[in-house]
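A short write-up of the structure that comes next.
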Amino acid sequence: MNKQKTVPLVNSIRASVQSMKEDTQFANDRLRWIGNIKSLVMSLFRLAIILGICYVILGPVIGIVSSSFFSDADRANPMVYLIPREPTLYRYELAVTYLDYWKTMGASLLYSLTLMLLQVVVCSMVGYGFARFDFPLKKILFGCVVVMIVIPTNTVMLPMYMTFSQFDVLGIISLIKGGPVNILSSPIPMYILTLFGCGLRSGLYIYIFNQFFRGLPKEIEEAAFVDGAGTWYTYFRIMLVNALPSVVTVAIFSMVWQYNDTFYARLFLISDDIIISKKIASIEANISNVEKIMDPTILELFLDAGIVLIMLPIIIIYVLLQKQFIEGVERSGIVG
Amino acid sequence: MAAAKTVKKKKWSLSQRRAMKGFIFIAPWLIGFLWFYARSLFMTVQFSFSELTVRPGGGYDLRFVWLDNFIYAFRAHASYKQVLTTSLGNMLVDVPLITFFSLFMAMLLNRKFKGRTLVRAIFFLPVILNSDAVVDAMNLARSMMSGGISSASAEMAAAASSGMSIEYYIQMFSSLGLPEVIIEYVSGAVGRISEIINASGVQIIIFIAALQSIPGSMYEVAKIEGATAYETFWKVTFPMVMPHIITNVVYTVVDSFTKSEVIELAYDTAFTVQNYGLSSVFSLVSTVITCLILVLVCGIIQKRTFYYN
Numbered sequence: 213m214n215k216q217k218t219v220p221l222v223n224s225i226r227a228s229v230q231s232m233k234e235d236t237q238f239a240n241d242r243l244r245w246i247g248n249i250k251s252l253v254m255s256l257f258r259l260a261i262i263l264g265i266c267y268v269i270l271g272p273v274i275g276i277v278s279s280s281f282f283s284d285a286d287r288a289n290p291m292v293y294l295i296p297r298e299p300t301l302y303r304y305e306l307a308v309t310y311l312d313y314w315k316t317m318g319a320s321l322l323y324s325l326t327l328m329l330l331q332v333v334v335c336s337m338v339g340y341g342f343a344r345f346d347f348p349l350k351k352i353l354f355g356c357v358v359v360m361i362v363i364p365t366n367t368v369m370l371p372m373y374m375t376f377s378q379f380d381v382l383g384i385i386s387l388i389k390g391g392p393v394n395i396l397s398s399p400i401p402m403y404i405l406t407l408f409g410c411g412l413r414s415g416l417y418i419y420i421f422n423q424f425f426r427g428l429p430k431e432i433e434e435a436a437f438v439d440g441a442g443t444w445y446t447y448f449r450i451m452l453v454n455a456l457p458s459v460v461t462v463a464i465f466s467m468v469w470q471y472n473d474t475f476y477a478r479l480f481l482i483s484d485d486i487i488i489s490k491k492i493a494s495i496e497a498n499i500s501n502v503e504k505i506m507d508p509t510i511l512e513l514f515l516d517a518g519i520v521l522i523m524l525p526i527i528i529i530y531v532l533l534q535k536q537f538i539e540g541v542e543r544s545g546i547v548g
Numbered sequence: 006m007a008a009a010k011t012v013k014k015k016k017w018s019l020s021q022r023r024a025m026k027g028f029i030f031i032a033p034w035l036i037g038f039l040w041f042y043a044r045s046l047f048m049t050v051q052f053s054f055s056e057l058t059v060r061p062g063g064g065y066d067l068r069f070v071w072l073d074n075f076i077y078a079f080r081a082h083a084s085y086k087q088v089l090t091t092s093l094g095n096m097l098v099d100v101p102l103i104t105f106f107s108l109f110m111a112m113l114l115n116r117k118f119k120g121r122t123l124v125r126a127i128f129f130l131p132v133i134l135n136s137d138a139v140v141d142a143m144n145l146a147r148s149m150m151s152g153g154i155s156s157a158s159a160e161m162a163a164a165a166s167s168g169m170s171i172e173y174y175i176q177m178f179s180s181l182g183l184p185e186v187i188i189e190y191v192s193g194a195v196g197r198i199s200e201i202i203n204a205s206g207v208q209i210i211i212f213i214a215a216l217q218s219i220p221g222s223m224y225e226v227a228k229i230e231g232a233t234a235y236e237t238f239w240k241v242t243f244p245m246v247m248p249h250i251i252t253n254v255v256y257t258v259v260d261s262f263t264k265s266e267v268i269e270l271a272y273d274t275a276f277t278v279q280n281y282g283l284s285s286v287f288s289l290v291s292t293v294i295t296c297l298i299l300v301l302v303c304g305i306i307q308k309r310t311f312y313y314n
């Protein structure tokens with residue numbers, strides 16, 4: 213009885229399933245649905261990962277910025293998290309005074325900007341020389357550039373220190389001054405190194421420019437040559453202009469890294485008044501000594517304010533130029 | 006007179022003149038390299054075989070002591086061997102992690118989605134904010150954020166009430182039969198996730214650029230042939246970015262070496278203890294080891310690399 217009733221039902225289901233299977237429209241719809249769900253899940257997954265990683269990167273920055281506004285009471289109150297109840301600008305006032313902010317920042321920016329200009333001019337020249345001219349020993353010399361990238365500067369720090377503590381150019385300075393001079397504790401060694409293509413990560417910049425120039429079509433230069441442009445004119449007015457993406461990349465890299473660098477600043481004993489990233493290290497001790505603030509958790513807040521102050525110019529430059537910068541990194545020769 | 010001039014001009018062929026110009030272009034670097042870099046490298050080697058005493062009036066005296074400095078560093082120095090091995094160990098652990106993490110992130114960021122430029126800008130932030138002071142402050146802020154006494158105790162309470170903690174998961178995975186080494190490696194990596202993220206900014210950008218240089222027709226072919234996403238990754242994407250893996254490995258090794266404790270030790274030995282010979286030994290030995298690692302790794306990868314062009 214029961215069986216008799218179910219048989220036509222089963223048959224009808226079978227028939228409809230069969231028709232469904234034959235119906236390509238339906239099958240396509242189903243596939244599309246599955247695809248949609250799959251891509252939705254994937255993009256949710258991606259969103260979760262990206263959000264998490266952005267938080268890991270941005271979290272401390274947000275923490276530093278927010279705690280630089282904390283007052284003493286906020287710091288002591290365990291209920292306060294990220295948003296201060298009684299925000300204060302006192303941290304910034306003291307940090308600006310103790311860093312001698314405007315003056316130091318001006319000197320610091322001047323230092324890194326001039327070095328950046330030198331880097332761009334020197335490294336692009338050298339990169340161009342390697343990219344476009346054939347000369348004996350070229351492969352070995354370019355190998356030396358790679359060696360400069362690979363061997364950390366720390367290996368040669370001691371001789372560098374010695375060289376600049378008794379600086380002499382082929383005995384000329386000895387003739388004038390009666391002996392080698394000590395040019396440490398001034399930024400001069402850094403300028404000399406950069407001028408001769410051995411500054412902070414110069415090897416990398418030479419490499420970037422070399423790769424980029426190699427990627428430019430030779431026809432540009434040939435046309436310039438036929439039209440009667442000299443080598444230098446071609447280089448400065450044509451090639452350098454075409455290499456703008458890598459110029460932007462190298463400029464930002466060298467500017468920011470120079471600004472952040474404390475290794476060379478420490479090695480060459482360059483004064484804190486020129487290098488703000490070095491001066492920040494002593495801010496806590498100074499404030500503690502002079503203002504008689506002994507609580508380390510409070511002193512941290514002043515450090516945070518100081519950190520925000522020294523990050524500010526970098527962040528501004530980065531926000532303004534980030535699009536060109538990232539495109540530049542992608543298009544310029546870093547990739548090789 | 007005129008004849009002499011033409012003769013002089015003819016002496017230089019076009020290619021010779023080009024070579025001359027090339028030398029002029031690279032001249033600043035060449036002088037600097039020989040004057041500062043090559044000479045300094047030589048001096049480091051020289052220092053490491055000698056005892057250096059600074060003369061009061063400036064200048065220094067070298068006394069050749071053969072291998073004494075090396076013997077002292079490896080036999081008698083309190084911490085050098087240990088610092089060296091931990092630094093190298095960290096490097097060997099970090100390099101594959103950072104390389105694969107950055108490849109993964111690059112693939113994620115290479116897709117088109119809203120706010121991509123913003124996300125990329127954020128990912129590149131650690132490269133821009135790499136000054137010592139800022140990094141220290143960030144680490145402090147990070148420990149306040151995720152650790153700290155209050156949040157740690159909260160975490161412990163939550164773990165106790167639910168019966169779950171990190172140990173529980175580790176236990177679970179090891180009872181699944183996964184080898185202990187892998188579990189420790191992965192859980193260690195998770196613990197240092199922020200360091201890994203901060204160290205992989207440049208690598209991510211390099212990989213993004215590499216991914217964008219893969220011709221789209223390759224993916225079309227793979228799709229037509231019915232390859233799954235997994236197969237496409239291993240058969241198309243991975244071989245195509247292989248040359249850039251070398252670049253990234255080199256970058257990562259050098260970067261992690263520059264930040265390692267060995268360098269700190271060498272710096273302190275030179276400028277605090279003022280034992281210049283020993284400091285040179287420290288830097289020299291670690292540099293040589295790093296170079297050997299680089300040559301080895303690059304050799305291995307290069308053998309398996311497929312060059313498209």
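The listed protein sequences derive, respectively, from chains A and B. In the numbering used here, each residue's number is its place in the first sequence (first place is 1) plus 212. In the numbering used here, each residue's number is its place in the second sequence (first place is 1) plus 5. Even glycine gets a Cβ: it sits at the ideal position worked out from N, Cα and C.
Measuring only the C-alpha atoms, how far is residue i from residue j?
i        : j        : result
Ala32/B  : Leu481/A : 29 Å
Lys430/A : Phe75/B  : 52 Å
Phe238/B : Met223/B : 11 Å
Leu412/A : Ala477/A : 11 Å
Ile225/A : Phe129/B : 58 Å
Met96/B  : Phe262/B : 7 Å
Asp73/B  : Leu35/B  : 34 Å
Pro251/A : Cys266/A : Reading off the sequence shown, one finds Ser at residue 251/A, where the question assumed Pro. Using only the alpha carbons, I get a separation of about 22 Å.
Asn501/A : Ile420/A : 47 Å
Asn454/A : Thr461/A : 13 Å
Val207/B : Ala260/A : 22 Å
Val520/A : Thr300/A : 15 Å
Asn498/A : Arg426/A : 52 Å
Met25/B  : Phe475/A : 36 Å
Phe287/B : Tyr272/B : 9 Å
Glu539/A : Ile363/A : 28 Å
Val308/A : Glu298/A : 20 Å
Tyr85/B  : Ser92/B  : 10 Å
Cys410/A : Phe41/B  : 8 Å
Phe28/B  : Val278/B : 43 Å
Asn394/A : Leu479/A : 14 Å
Leu221/A : Trp245/A : 28 Å
Ser290/B : Thr49/B  : According to the sequence as given, residue 290/B is Val; it is not Ser. Val290/B and Thr49/B: Cα-Cα distance of roughly 11 Å.
Ile249/A : Ala234/B : 16 Å
Phe105/B : Ala194/B : 12 Å
Leu216/B : Ser179/B : 36 Å
Val70/B  : Ile298/B : 29 Å
Ile528/A : Ile133/B : 11 Å
Name the chain B residues whose beta carbon is nearer than 7 Å to that of residue i?
i        : result
Gln534/A : Ala126
Tyr530/A : Ile133
Ile261/A : Leu113
Leu370/A : Thr49, Phe52, Ala275, Tyr281, Ser284 and Ser285
Given that residue i touches chain B, what residues does it touch there, using C-beta distances under 9 Å?
i        : result
Asp550/A : The requested residue 550/A is not part of the displayed model; chain A covers only 213 to 548.
Gly540/A : Per Cβ cutoff of 9 Å: no residues; Gly540/A is ~10 Å from chain B at best.
Starting from residue i, find everything on chain A with Cβ-Cβ shorter than 7 Å and list it in chain order.
i        : result
Asn135/B : Asn472
Ile36/B  : Phe408
Phe79/B  : Chain A residues near Phe79/B: none, gap ~18 Å exceeds 7 Å.
Ala204/B : Within 7 Å Cβ-Cβ: nothing; Ala204/B doesn't reach chain A, min ~12 Å.
On the DSSP bridge assignment, give the partners of residue i in chain order.
i        : result
Val59/B  : Tyr65/B
Val393/A : Phe379/A
List the whole-angstrom C-beta distance separating residue i from residue j, where the pair is believed to meet the contact cut-off of C-beta under 8 Å.
i        : j        : result
Phe354/A : Phe345/A : The pair is not a contact, with the Cβ atoms about 12 Å apart (cut-off 8 Å).
Met254/A : Gln470/A : So it is not a contact: roughly 42 Å between Cβ atoms.
Phe514/A : Leu306/A : 6 Å
Ile486/A : Ala319/A : 5 Å
Pro371/A : Ser45/B  : 4 Å
Ile213/B : Asn115/B : 6 Å
Phe38/B  : Cys356/A : 6 Å
Taking residue i as the query, report the chain A residues whose CB atoms sit under 9 Å from its CB, ordered along the chain.
i        : result
Arg147/B : Val268, Gly271, Pro272 and Gly275
Leu130/B : Ile269, Leu270, Val273, Ile527 and Tyr530
For residue i, which residues in chain D fall below 7 Å Cβ to Cβ?
i        : result
Ile482/A : In the displayed structure, chain D is absent; the protein chains listed are A and B.
Show which residues of chain B have a CB atom less than 8 Å away from the CB atom of residue i.
i        : result
Arg200/A : Given that chain A is displayed from residue 213 to residue 548, the structure contains no residue 200/A and the question cannot be resolved.
Query raised in the report: At what residue ranges does the region 479-535 of chain A contain a whole run of the alpha helix (DSSP H), taking only runs of 4 or more?
Result: 488-491 and 495-503
**Report entry** Within the region 405-463 of chain A, ranges of the alpha helix (DSSP H) (whole runs, at least 4 residues)
**Finding:** When DSSP assignments are scanned along the region 405-463 of chain A, the uninterrupted stretches of alpha helix (DSSP H) that are 4 or more residues long and fall wholly within it turn out to be 414-427 and 430-438.
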